[in-house]
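Note sheet for the following structure.
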Amino acid sequence: MRSLVGLIAVVVVATLYLYLLSTYLPAGPRHLRPNGETQRADAAESEQPAESYGEPSRLKFPSDLEELRELAELLQFYKTEHTGYVLLLFCSAYLYKQSFAIPGSSFLNILAGAIFGPYEGLLLACVLTTVGSTMCYLLSQAFGKQHIVSHFPDKVSMLQRKVEENQDCLFFFLLFLRFFPMSPNWFLNMSAPIVNIPVTFFFCSVFIGLLPYNFICVQTGVMLSEVSSLDDLFSWERLLQLLAIACVALLPGALIRRYSQSRLKLDDPQRNGLATDKKAQ
Numbered sequence: 001m002r003s004l005v006g007l008i009a010v011v012v013v014a015t016l017y018l019y020l021l022s023t024y025l026p027a028g029p030r031h032l033r034p035n036g037e038t039q040r041a042d043a044a045e046s047e048q049p050a051e052s053y054g055e056p057s058r059l060k061f062p063s064d065l066e067e068l069r070e071l072a073e074l075l076q077f078y079k080t081e082h083t084g085y086v087l088l089l090f091c092s093a094y095l096y097k098q099s100f101a102i103p104g105s106s107f108l109n110i111l112a113g114a115i116f117g118p119y120e121g122l123l124l125a126c127v128l129t130t131v132g133s134t135m136c137y138l139l140s141q142a143f144g145k146q147h148i149v150s151h152f153p154d155k156v157s158m159l160q161r162k163v164e165e166n167q168d169c170l171f172f173f174l175l176f177l178r179f180f181p182m183s184p185n186w187f188l189n190m191s192a193p194i195v196n197i198p199v200t201f202f203f204c205s206v207f208i209g210l211l212p213y214n215f216i217c218v219q220t221g222v223m224l225s226e227v228s229s230l231d232d233l234f235s236w237e238r239l240l241q242l243l244a245i246a247c248v249a250l251l252p253g254a255l256i257r258r259y260s261q262s263r264l265k266l267d268d269p270q271r272n273g274l275a276t277d278k279k280a281q
């Protein structure tokens with residue numbers, strides 16, 4: 001009971017912080033003039049009231065690509081003059097989702113590419129994914145062990161057995177689970193402390209194991225921010241770019257899979273009871 005109360009308190013405090021941060025919108029660009037200059041909502045500078053892009057109600061987690069694109073445009077406007085605020089808001093929202101195992105982090109990875117670009121976006125996505133997953137690990141270790149075991153006894157037992165069987169090459173086994181998830185990432189994050197996976201192994205395996213996934217999402221966000229129509233998306237340049245992204249992302253997984261065939265002890269995913277869910281963050 002005490003662990004549940006503690007977890008609820010952490011969720012409430014984190015939610016209140018994120019809410020207050022999202023409602024604090026500093027003065028920023030409202031919309032663009034035809035010549036590309038930014039117009040502010042200042043009555044002394046304009047005879048007509050400017051259209052507001054900074055309403056608090058528009059700051060919400062995106063649930064589809066259309067909302068994602070609108071949010072990316074809004075934050076790109078604010079980023080021109082309030083980079084620190086946008087960065088803090090994005091990091092806080094990302095860590096909130098990852099820490100409490102809320103689905104939808106893939107949208108935030110795409111958003112990172114659209115706002116911060118291919119390199120900064122990828123670095124930010126990898127760091128936030130790793131830190132957020134580790135926070136989920138620590139929250140589970142502090143408050144959620146008994147609840148996870150009681151709700152997922154078979155999955156926890158199976159994962160415990162596989163961890164013990166692959167103790168000699170545990171780090172590569174963890175990488176395999178990230179590249180070829182037999183269980184969703186949120187479950188791995190929460191169950192890792194229960195099956196005695198060291199936090200250092202966990203931290204490094206998340207950073208490396210989810211790098212290809214983050215890379216694909218971030219590059220998708222970069223392309224979405226650059227294209228204006230479906231014709232641009234299906235141009236030869238974009239198709240070749242997508243092919244290159246797929247090859248780069250698949251290479252680490254192919255190497256890990258080849259290593260796993262000779263070193264790791266793995267059952268058929270259909271028989272081990274861990275393949276019932278899709279990959280989720």
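For the sequence shown, the positions run 1 to 281 when the UniProt record's numbering is used. C-beta atoms are modelled at their ideal positions from N, C-alpha and C, and glycine is treated no differently. Since the structure is predicted, the reported quantities are computational estimates derived from the model, not experimental observations.
Query, Result
"Contacting residues, own chain, Cβ-Cβ under 7 Å from P118 (five flanking each side not counted)", "V218, Q219 and V222"
"Continuous alpha helix (DSSP H) assignments of at least 4 residues falling wholly in the UniProt domain \"VTT\" (102 to 221)", "105 to 116, 118 to 139, 145 to 151, 153 to 165, 170 to 179, 185 to 191 and 199 to 209"
"Exposure of P75, with buried meaning 16 or more beta-carbon neighbours within 10 Å", "In the sequence as presented, Pro is not what sits at residue 75; that position holds Leu. Buried."
"Secondary structure of S63, DSSP reduced to three states", "coil"
"Validate contact between the segment 179 to 198 and the segment 67 to 74 using beta carbons, cut 8 Å, 3 pairs", "no"
"Enclosing alpha helix (DSSP H) for T83 [first to last residue]", "T83 to S99"
"C-alpha gap between E120 and T200, whole angstroms", "24 Å"
"Y24, DSSP secondary structure in three states", "coil"
"The segment 98 to 105 contacting the segment 201 to 211, beta-carbon criterion three pairs below 8 Å", "no"
"Closest residue to F176 among P212, V156, P62 and F152 (Cα-Cα distance)", "P212"
"With 16 other Cβ atoms within 10 Å as the buried cut-off, status of I8", "exposed"
"C-alpha distance - S105 paired with Y94, whole-angstrom precision", "7 Å"
"Rounded separation between E226 and L59 - CA only", "22 Å"
"L139 vs V10 beta-carbon contact at 8 Å", "yes"
"Alpha-carbon spacing of F107 relative to L170, whole angstroms", "30 Å"
"Cut-off 8 Å between Cβ atoms - residues of its own chain near S92, not counting five sequence neighbours on either side", "Y17, L18 and L21"
"Cutoff 7 Å; reference M190; Cβ partners in own chain excluding five residues on either side", "A101, C136, S140, G144 and I148"
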